[in-house]
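This report concerns only the one structure given below.
Numbering (mature numbering (1 follows the signal peptide of the UniProt record, and there is no 0)), first residue to last: -16 to -1, 1 to 373.
Shown next as structure tokens:
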């Protein structure tokens, strides 16, 4: 189903703080995983879906913003969008656009961030901000006044202030491709995933007379492993969790998630835990005691590859108070899993199955995760996924 139209599927109230719980799902219409491998196509078929999870067991598609209002991409981590804490704005990046050469289409870096007014009826794009080259992961502070954008080709982090408008306040050079960012709850520190370097960098955030100053000290970089994509800070600010997709996706090798101490003069890596081939990204439960990881396995490989698998997995791990990770279990997922999110209660997990164009629904019961059997059909390929922080 193409996204050439603006789809208004059902009446959906403005998404202010007292509105229903919802997810944002970025839809990519220009990159495809075929039996022979991945292929690119023309621009113009992307979108943004708003999914109502008032009934967490049976989410429903509430609204879709489609191209040309907005573009996005599966290139990079599936955290290239985020919702402000009050639920009124969504920030969505477009990492790449496609350029045609002969019969083939090639990705080239974009630099656009779309500001979506979620409180409007219907939701609409109200601003486009130019940030760094190939903007990828997005993080918004707990106060809702600060946002950070990781720029892969730009090898930087863009600092944004959020007020009546979203404005670029600064650009911080981090010396390597930056795929994802996460901000500590007290807003004194942030972390940046340097995907090709296989490290997590530390950013200092300081309030000054002239505003907010963000700086990077490369001496504090922490080694976690290649393909660092997923990145989150626990709600109590104690730990950072990263998901590492490996040097090459769907290569048959097991990859890991890493746990780091977030505080102290020098944050350090505390633990690693193998979770399977290509730990694409992760989400933390509201209490910070568990994490769900979207594991692609071999689903992104060509079908002739010995590492190919039909689907991926939703993996559940525990974050222990002493700074260790414990594998709890997993449930099957669809083809080329991407974003993952919890519902506000922490009892349900959602995973975007990219090639299947579905949103998988999982139930967390104690230390187990199971597929409910319900998959929401989406009008495009789910490249990214976030719930309200």
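Virtual Cβ for every residue (Gly too), placed ideally from N, Cα, C.
Subject >> Contacts around residue 335, its chain only, beta-carbon distance under 6 Å, and the 5 residues preceding and following it disregarded >> reply: 278, 298, 317, 321, 324 and 344
**OP:** Kindly list the residues whose CB is nearer than 7 Å to the CB of residue 37, restricted to its own chain and excluding five residues on each side of it in sequence; keep chain order.
**Re:** 5, 6, 7, 43 and 327
Subject >> Residues near residue -13 in its chain [Cβ-Cβ closer than 8 Å; skip 5 each side] >> reply: Low per-residue confidence applies at residue -13: pLDDT is 39, beneath 50, and the placement is therefore not dependable, though the value from the model is reported in the following sentence. Cβ within range, chain order: 28, 29, 50 and 51.
**OP:** Check each candidate in 76, 236, 330 and 166 and name the one with the smallest Cα separation from residue 111.
**Re:** 76
**OP:** To the nearest angstrom, report how far apart residue 380 and residue 22 are at their CA atoms.
**Re:** No statement about residue 380 is possible, as the shown extent of the chain runs from -16 to 373 and does not include it.
Original post:
Whose C-beta lies closer than 8 Å to the C-beta of residue 319 among residues of the same chain, with five residues either side of it excluded?
Top reply: 17, 283, 294, 295, 296, 337, 338, 339 and 340
Original post:
Hey, residue 306 and residue 353: beta-carbon distance below 9 Å or not?
Top reply: no
**OP:** Note down, in chain order, each residue of its chain lying with its Cβ closer than 8 Å to the Cβ of residue 370, except the 5 sequence neighbours on either side.
**Re:** 7, 8, 63, 65, 66, 67, 323 and 325
**OP:** Starting from the Cα of residue 163, find the closest Cα among 33, 366 and 59 and give me that residue.
**Re:** 59
Original post:
Terminal residues of the continuous beta strand (DSSP E) containing residue 187?
Top reply: 183 to 192
Original post:
So what's residue 202 in DSSP terms, helix, strand or just coil?
Top reply: helix
**OP:** Give the secondary structure of residue 249 by DSSP, where H, G and I count as helix, E and B as strand, and everything else as coil.
**Re:** coil
Original post:
CA-CA distance, residue -6 and residue 47?
Top reply: With a pLDDT of 45 at residue -6, under the threshold of 50, the modelled position of that residue is not reliable, and the figure given next carries that caveat. Taking the straight line joining both Cα atoms gives about 8 Å.
**OP:** Would you please state the rounded distance, in angstroms, between the beta carbons of residue 215 and residue 128? I believe it to be under 8 Å.
**Re:** The Cβ separation is near 19 Å, so there is no contact.
Original post:
Which of helix, strand or coil does DSSP assign to residue 47?
Top reply: strand
Original post:
residue 207: buried (16+ other C-beta within 10 angstroms of its C-beta) or exposed?
Top reply: exposed
**OP:** Could you have a look at residue 234 and say whether DSSP puts it in helix, strand or coil?
**Re:** coil
Original post:
Can the beta-carbon of residue 276 be found less than 9 Å from the beta-carbon of residue 213?
Top reply: no
Original post:
Do residue 141 and residue 174 have their C-beta atoms closer together than 9 Å?
Top reply: yes
**OP:** Go ahead and pull the three-state DSSP assignment for residue 356.
**Re:** strand
**OP:** Please report how far the alpha carbon of residue 153 lies from the alpha carbon of residue 290, in whole angstroms.
**Re:** 48 Å
Subject >> N-terminal and C-terminal residue of the beta strand (DSSP E) that residue 167 is part of >> reply: 164 to 167
**OP:** Work out the CA separation of residue 71 and residue 109 for me, nearest whole Å.
**Re:** 15 Å
**OP:** Under 6 Å Cβ to Cβ from residue 259, same chain only, skipping five residues before and after it: list those, please.
**Re:** 241, 277, 279 and 299
Original post:
Is the distance from the Cβ of residue 137 to the Cβ of residue 161 below 9 Å?
Top reply: yes
Subject >> DSSP state of residue 322 mapped onto helix, strand, coil >> reply: strand
Original post:
What number of angstroms, rounded off, separates the C-alpha of residue 333 from the C-alpha of residue 40?
Top reply: 9 Å
Original post:
So which of 32, 360, 91 and 373 has the shortest CA-CA distance to residue 14?
Top reply: 91
**OP:** Kindly indicate which three-state DSSP category residue 349 falls into: helix, strand or coil?
**Re:** strand
Original post:
Going along the chain, which unbroken runs of the beta strand (DSSP E) with 3 or more residues stay wholly within the stretch 93 to 150?
Top reply: 108 to 114, 119 to 124, 130 to 135 and 140 to 146
Original post:
Does DSSP put residue 343 in a helix, in a strand, or in coil?
Top reply: strand
**OP:** Apply the 10 Å Cβ neighbour rule to residue 26 and answer buried if 16 or more other Cβ atoms are within range, or exposed otherwise.
**Re:** exposed
Original post:
In the structure shown, what three-state DSSP assignment does residue 207 receive?
Top reply: strand
Original post:
According to the neighbour-count rule (16 or more other Cβ atoms, all chains shown, within 10 Å of its Cβ), is residue 131 buried or exposed?
Top reply: buried
Original post:
From what residue to what residue does the beta strand (DSSP E) around residue 78 run?
Top reply: 73 to 85
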